[in-house]
Amino acid sequence: MAGFRENLESVVASGKKIAVANVGFYQPMMAVVASVEGGENAFSVAHVNGSAVSADSLAQAAKAAKEQSTADFGAAVSEVETENGEKLVLVCLADSQRAWGAKVFAEDGESTKALAGAAITKLCEMLSET
490 MAGFRENLES VVASGKKIAV ANVGFYQPMM AVVASVEGGE NAFSVAHVNG SAVSADSLAQ
550 AAKAAKEQST ADFGAAVSEV ETENGEKLVL VCLADSQRAW GAKVFAEDGE STKALAGAAI
610 TKLCEMLSET
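Following this line, the structure appears as structure tokens:
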């Protein structure tokens with residue numbers, strides 16, 4: 490989980506606001522966000538009618554989170570999945586124009602909390618590119 494704190498602090502300092510859809514792996518991810526001072530000011534939960542069963546539904550959930558809030562971006566994270574024997578989550582970010590995503594793979598033996606930190610790190614990296 491090294492680096493997630495610095496990435497999250499950078500987003501907090503930027504003033505960007507992210508509404509996270511209440512689907513998939515959002516609870517462990519928000520617990521990691523809460524561990525950083527100011528994290529809950531940057532990331533908030535948006536209650537949407539959606540799911541995290543495919544990339545398309547994840548993109549729709551992220552868009553809905555953005556639309557139902559005053560945040561700059563919407564985000565959504567899938568449940569923990571397995572691909573070729575590896576654990577991963579899909580993360581998706583949306584603004585008013587588009588949605589884009591990435592896969593975040595767990596390292597061997599990585600805990601759920603560490604995977605949540607890795608998901609935050611990826612979202613923060615995606616935000617830094619906007």
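Numbering-wise (my numbering), the sequence shown opens with residue 490 and increments by one.
Using N, Cα and C, we set each Cβ at its ideal position, and we do this for glycine too.
Keep in mind that this is a model prediction, so the values were computed, not measured.
Check each candidate in 555, 559, 493, 588 and name the one with the smallest Cα separation from residue 544.
588
The segment 496-511 in contact with the segment 557-568 per 3-pair CB rule at 8 Å
yes
If you run the structure through DSSP and keep just helix, strand and coil, what is residue 490?
Its pLDDT being 41, under 50, residue 490 is placed unreliably in this model, and the value from its coordinates should be taken loosely. Coil, per DSSP.
Same chain, Cβ closer than 6 Å to residue 550, neighbours up to 5 away in sequence not counted:
510, 512, 537, 539, 565
What residue ranges within the segment 508-534 form continuous beta strand (DSSP E) runs of no fewer than 3 residues, ordered along the chain?
none
Distance, Cα to Cα, residue 523 vs residue 569?
20 Å
Would you mind sorting residue 598 into buried or exposed? The rule is 16 or more other CB atoms within 10 Å of its CB.
exposed
Restricting to Cα atoms, I'd like to know which of 514, 498, 585, 521 is closest to residue 527.
498
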